[in-house]
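With numbering that gives the first Met the number 0, the residue at position 164 of the sequence shown is 163, and numbering never jumps.
Backbone N, C-alpha and C fix where the C-beta goes; we use that ideal spot for every residue, glycine too.
As structure tokens, the structure follows; a few thoughts come after it.
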Amino acid sequence: MAEALNPSLTRRDAARLLGAAAVAAAVAPQWAVRHVNVDALLRRLTLEEKVSLLHGGTDPASKGQAGYVPGVPRLGIPELRLADGPAGVRVTANATALPAPVALASTFAPDLARRFGAVIGREGRALGMDVLLSPMTNIVRVPQAGRNFETLGEDPLLAAALVAGEIRGIQGEGLIATVKHYAANNFENARQTIDVKVDERTLREIYLPAFEAAVRAGVGAVMAAYNHVNGVYAAEHPQLLTGILRDEWHFGGWVMSDWFATHSAAPALTAGMDMEMPFGANYRGLAAAVASGQLAESVVDTAVRRVLVQLDRFGLLGGGRPRPAPDPVGGARAAKEIALAGAVLLRNERDLLPLGRADLADLVVIGPTAASPLVGGGGSARVIPASAESPLTALRRQAGPGSRIRWATGVDLEGVPVPASALVLRRSRPGGSPQAAAQVDHTGADALPAGSSWTWTGTLTAPATGDYDLRIQGAGGVPSFNGSISLTLDGVRIGSAGALIGGNSSLIATSGGLTNAGATVRLEAGVAKPVTVAATGVAGTPLQVRLAWVTPQRRQEALREAAALAKGARAALVFAFNEGTEGADRAALTLPNGQDPVVEAVAAANARTAVVLNTGDPVLMPWARGVCSILQMWYPGQEGADATATLLLGGAGPGGKLPVTFPRRAEDMPTARPERYPGVDGVADYGEGVLVGYRHYDAHGIEPLFPFGHGLSYTRFRFGGLSVRAAAGGLAVSFTVANIGRRAGVEVAQVYLGPPPSPPVPMAPRALAGFARVRLSPGERRSVTVMVPLRSLQYWSDGRWTLAGGRRTVHVGSSSRDLRLRQEVTIR
Ligand code: BGC
Numbered sequence: 000m001a002e003a004l005n006p007s008l009t010r011r012d013a014a015r016l017l018g019a020a021a022v023a024a025a026v027a028p029q030w031a032v033r034h035v036n037v038d039a040l041l042r043r044l045t046l047e048e049k050v051s052l053l054h055g056g057t058d059p060a061s062k063g064q065a066g067y068v069p070g071v072p073r074l075g076i077p078e079l080r081l082a083d084g085p086a087g088v089r090v091t092a093n094a095t096a097l098p099a100p101v102a103l104a105s106t107f108a109p110d111l112a113r114r115f116g117a118v119i120g121r122e123g124r125a126l127g128m129d130v131l132l133s134p135m136t137n138i139v140r141v142p143q144a145g146r147n148f149e150t151l152g153e154d155p156l157l158a159a160a161l162v163a164g165e166i167r168g169i170q171g172e173g174l175i176a177t178v179k180h181y182a183a184n185n186f187e188n189a190r191q192t193i194d195v196k197v198d199e200r201t202l203r204e205i206y207l208p209a210f211e212a213a214v215r216a217g218v219g220a221v222m223a224a225y226n227h228v229n230g231v232y233a234a235e236h237p238q239l240l241t242g243i244l245r246d247e248w249h250f251g252g253w254v255m256s257d258w259f260a261t262h263s264a265a266p267a268l269t270a271g272m273d274m275e276m277p278f279g280a281n282y283r284g285l286a287a288a289v290a291s292g293q294l295a296e297s298v299v300d301t302a303v304r305r306v307l308v309q310l311d312r313f314g315l316l317g318g319g320r321p322r323p324a325p326d327p328v329g330g331a332r333a334a335k336e337i338a339l340a341g342a343v344l345l346r347n348e349r350d351l352l353p354l355g356r357a358d359l360a361d362l363v364v365i366g367p368t369a370a371s372p373l374v375g376g377g378g379s380a381r382v383i384p385a386s387a388e389s390p391l392t393a394l395r396r397q398a399g400p401g402s403r404i405r406w407a408t409g410v411d412l413e414g415v416p417v418p419a420s421a422l423v424l425r426r427s428r429p430g431g432s433p434q435a436a437a438q439v440d441h442t443g444a445d446a447l448p449a450g451s452s453w454t455w456t457g458t459l460t461a462p463a464t465g466d467y468d469l470r471i472q473g474a475g476g477v478p479s480f481n482g483s484i485s486l487t488l489d490g491v492r493i494g495s496a497g498a499l500i501g502g503n504s505s506l507i508a509t510s511g512g513l514t515n516a517g518a519t520v521r522l523e524a525g526v527a528k529p530v531t532v533a534a535t536g537v538a539g540t541p542l543q544v545r546l547a548w549v550t551p552q553r554r555q556e557a558l559r560e561a562a563a564l565a566k567g568a569r570a571a572l573v574f575a576f577n578e579g580t581e582g583a584d585r586a587a588l589t590l591p592n593g594q595d596p597v598v599e600a601v602a603a604a605n606a607r608t609a610v611v612l613n614t615g616d617p618v619l620m621p622w623a624r625g626v627c628s629i630l631q632m633w634y635p636g637q638e639g640a641d642a643t644a645t646l647l648l649g650g651a652g653p654g655g656k657l658p659v660t661f662p663r664r665a666e667d668m669p670t671a672r673p674e675r676y677p678g679v680d681g682v683a684d685y686g687e688g689v690l691v692g693y694r695h696y697d698a699h700g701i702e703p704l705f706p707f708g709h710g711l712s713y714t715r716f717r718f719g720g721l722s723v724r725a726a727a728g729g730l731a732v733s734f735t736v737a738n739i740g741r742r743a744g745v746e747v748a749q750v751y752l753g754p755p756p757s758p759p760v761p762m763a764p765r766a767l768a769g770f771a772r773v774r775l776s777p778g779e780r781r782s783v784t785v786m787v788p789l790r791s792l793q794y795w796s797d798g799r800w801t802l803a804g805g806r807r808t809v810h811v812g813s814s815s816r817d818l819r820l821r822q823e824v825t826i827r
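This is how it looks when you write it as structure tokens:
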């Protein structure tokens with residue numbers, strides 16, 4: 000049997016999507032629940048108590064989570080703790096850092112999504128949480144959007160299958176999931192205000208299916224997005240929140256706003272937005288609105304009932320239920336398995352990978368993220384694991400005795416302490432008198448006392464004109480919103496570490512484990528610039544602070560060192576990265592920090608060069624044809640190093656597929672026009688319509704660098720024997736997949752559907768209609784049947800789903816551009 004006959008759809012999904020009776024939006028929890036009478040409970044609540052359940056508040060015993068809703072203890076309604084997020088539980092305590100959701104999407108495996116969810120579900124409950132602010136399932140529309148790593152790719156069918164699996168996993172452990180951000184929240188720049196102009200058909204066919212699948216999977220809560228959709232804030236949008244979510248999809252849970260995304264009280268509540276987060280700036284006024292007759296109390300009751308029904312469903316009202324013990328070992332095991340399964344082999348000329356013994360006897364590894372692991376993306380999805388090995392250490396460990404693996408940074412993100420010769424400084428403590436200081440370099444044994452506070456002020460003077468990376472590095476700062484270890488140059492704060500959700504610190508620590516923040520600035524030779532460093536430490540941990548820089552000269556030296564080391568080695572591995580984070584999009588699709596010249600220099604020095612990518616989304620690769628191999632590891636989580644080394648050494652084979660298209664040139668992107676992204680005068684026109692992601696490249700005949708669905712293997716597969724028949728309103732597509740190589744491997748067979756000859760509306764040349772992840776031993780052949788749901792045969796028109804009948808082509812293949820089998824079918 001195939002790994003699963005039809006892993007893209009559970010039997011239940013299939014029944015629903017194929018047009019059978021709608022499945023009630025409830026998943027029976029696996030634990031015993033003592034239910035209460037919600038209506039009776041509602042009647043006993045005062046108006047003030049009801050309103051207190053409809054907005055967040057300050058947690059008297061915070062665990063560092065994002066949100067808190069006080070309960071009503073006199074009636075047994077518990078307080079709620081709500082934590083991010085998409086790659087693991089984000090609280091102050093350490094938690095399992097799973098691979099970024101984009102890596103999960105690359106697995107094309109709903110069963111792994113369920114496992115991913117179960118790890119977070121259990122751990123969230125164990126860490127004292129009740130609600131998870133995840134999964135995120137906004138479609139990747141803009142290749143450089145800051146949160147692409149947090150979501151499930153550019154295809155609605157793929158995202159829908161995965162989000163449903165993940166929600167079942169999370170909620171199966173008793174944690175309430177929150178699908179976010181509803182809806183059309185597809186990029187970060189101006190996210191709080193942007194008005195998304197999108198037509199109804201595009202919303203229905205591209206941006207809403209994954210949310211609908213989340214509702215079908217029984218998700219307990221929905222988070223309303225920051226942006227406007229067609230002129231109305233998503234968090235007070237009657238059509239989205241009531242018309243579609245409740246009236247059409249029969250969503251039985253509650254809607255909360257994204258953090259500070261509520262803009263009114265009565266209008267938002269009436270539109271269907273039940274809970275304001277994280278505080279109650281607007282909703283605190285609901286009681287007064289009821290008292291003055293502006294708002295019927297029944298509207299408040301409806302919202303409170305939605306919350307209580309979910310608390311009851313999850314057993315939180317009947318006295319609660321015991322929390323499980325954490326399972327860090329199980330979490331780590333799942334994290335590794337998913338990192339392995341989500342890795343995508345983009346290129347492998349001359350079969351350079353996996354590396355052989357001879358390569359390991361003289362291997363050169365280049366890049367900062369080889370030595371300091373890039374575990375996950377930033378912002379509210381950032382999870383701090385107890386530990387994470389570096390890829391370099393994992394490679395050396397797995398390669399064992401007899402190997403020789405040397406490393407050079409190539410790109411210096413760390414620099415050296417700014418020398419005394421460039422500084423004139425005075426250092427002071429609160430209440431103390433200033434004293435002269437030569438440098439700011441207090442690390443290791445020279446750390447400052449725990450809990451102490453310091454300020455250094457003076458000037459910084461560069462010896463030569465050029466672009467300097469000024470870095471403020473530290474540890475032991477008191478957690479704060481703005482960052483407790485900061486660097487200000489010329490009156491502008493350019494570096495802030497120790498901030499609660501990251502400040503502007505890099506996701507990549509220094510080699511000594513310090514947080515590393517800062518900016519690149521142009522300095523003129525001999526011109527003194529005012530500089531201030533401030534640091535406030537937390538009790539119990541020594542305070543480390545260092546002011547460092549990477550000079551233009553050092554940057555060149557690092558590149559030369561890397562190329563020199565690579566020359567003459569048997570093989571070279573370059574680790575390249577980008578840093579995806581919430582709140583801002585990447586300025587460009589290129590790799591940051593001058594990495595392209597380093598890859599080019601290493602590839603020029605060594606003909607056997609492989610690149611390992613730790614990016615959260617597409618990057619341009621001007622050097623792609625100049626290297627033998629490219630392995631996309633994404634942000635692989637806490638076990639990413641072990642998984643990376645295992646794949647590089649052939650202990651496992653890569654079988655992931657790209658859930659996003661990698662363009663060859665920035666101007667090829669569907670959103671290359673400014674009115675589409677970032678928008679003009681506050682409006683982003685989704686004028687590409689349904690031609691999002693690969694649909695755009697296919698429709699316009701643009702050759703991508705790597706297409707959607709692409710991913711090689713260490714073995715090869717042959718497809719054959721296609722047959723298509725009508726089944727349950729949709730299609731059953733059967734074929735065989737054979738492993739014709741010498742290694743075991745995984746193939747994700749993909750089914751795409753073409754439009755009828757004269758499509759009633761503009762349709763993509765091919766749309767993903769199903770998939771199956773199949774693991775095969777050498778020489779093994781399997782029969783696979785993929786169910787194509789009725790929905791894939793339809794388009795949205797005049798307020799309903801309509802069959803796009805006529806002759807249509809079914810394609811089966813290894814990627815959206817590597818289609819091996821085809822058959823015409825007539826759809827009636
Ligand atoms: C993000 C949400 C997140 C929330 C709480 C917001 O800024 O957009 O995804 O869940 O913060 O941290």
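For residue i, the nearest candidate out of the options (CA to CA)
i, options, result
"Glu823", "Leu752, Met274, Leu74, Ala407", "Leu752"
"Ala96", "Leu81, Phe186, Gly116, Leu79", "Gly116"
"Gly649", "Val68, Pro77, Asp350", "Asp350"
"Met128", "Ile484, Val50, Pro321, Leu46", "Pro321"
"Val303", "Leu572, Val691, Ala737, Leu53", "Leu53"
"Ala632", "Ala260, Leu619, Leu647", "The sequence as given places Met at residue 632; Ala does not occur at that position. The residue with the shortest Cα to Cα distance from Met632 is Leu647."
"Gly655", "Leu74, Pro755, Ser814, Ala766", "Ser814"
"Val549", "Phe278, Ala463, Val477", "Ala463"
"Ala604", "Ala565, Ile169, Arg554", "Ala565"
"Ser505", "Gly539, Ser427, Arg381", "Arg381"
"Ala461", "Ser483, Phe480, Val526", "Val526"
"Ile471", "Leu207, Gly457, Gly465, Ser495", "Ser495"
"Thr487", "Thr456, Gly511, Ala508", "Thr456"
"Gly56", "Lys49, Gly700, Gly66, Glu47", "Gly66"
Three-way DSSP call (helix, strand, coil) for residue i in this model
i, result
"Thr106", "helix"
"Ile76", "strand"
"Arg304", "helix"
"Thr241", "helix"
"Leu789", "helix"
"Ile826", "strand"
"Thr487", "strand"
"His709", "coil"
"Leu41", "helix"
"Gly804", "coil"
"Arg322", "coil"
Rounded C-alpha distance that separates residue i from residue j
i, j, result
"Val37", "Val308", "7 Å"
"Met255", "Glu275", "6 Å"
"Leu775", "Arg742", "9 Å"
"Trp453", "Gly476", "11 Å"
"Ala27", "Val130", "With a pLDDT of 44 at Ala27, under the threshold of 50, the modelled position of this residue cannot be trusted, and the question is left open."
"Ala209", "Gly401", "50 Å"
Residues bridged to residue i (per DSSP)
i, result
"Thr62", "Checking the displayed sequence, the identity of residue 62 turns out to be Lys instead of Thr. Note: Lys62 sits in no beta bridge, so no partner."
"Lys196", "Asp684"
"Asn613", "Phe576"
"Met255", "Met222, Met274"
"Ile879", "Since the first residue shown for the chain is 0 and the last is 827, residue 879 is missing from the structure and cannot be characterised."
>> Contact between the segment 386–398 and the segment 409–416 is defined here as three or more beta-carbon pairs at a separation below 8 Å; is this criterion met?
In response: no
>> For the segment 586–604 against the segment 285–300, do three or more pairs of beta-carbon atoms, one drawn from each stretch, fall closer than 8 Å, so that the two count as touching?
In response: no
> Any contact of the segment 418–425 with the segment 668–678, i.e. 3+ C-beta pairs under 8 Å?
Replying inline: no
> Are three or more beta carbon pairs between the segment 220–230 and the segment 716–723 nearer than 8 Å?
Replying inline: no
> Should the segment 758–771 be regarded as contacting the segment 803–820, the criterion being three or more beta carbon pairs within less than 8 Å?
Replying inline: yes
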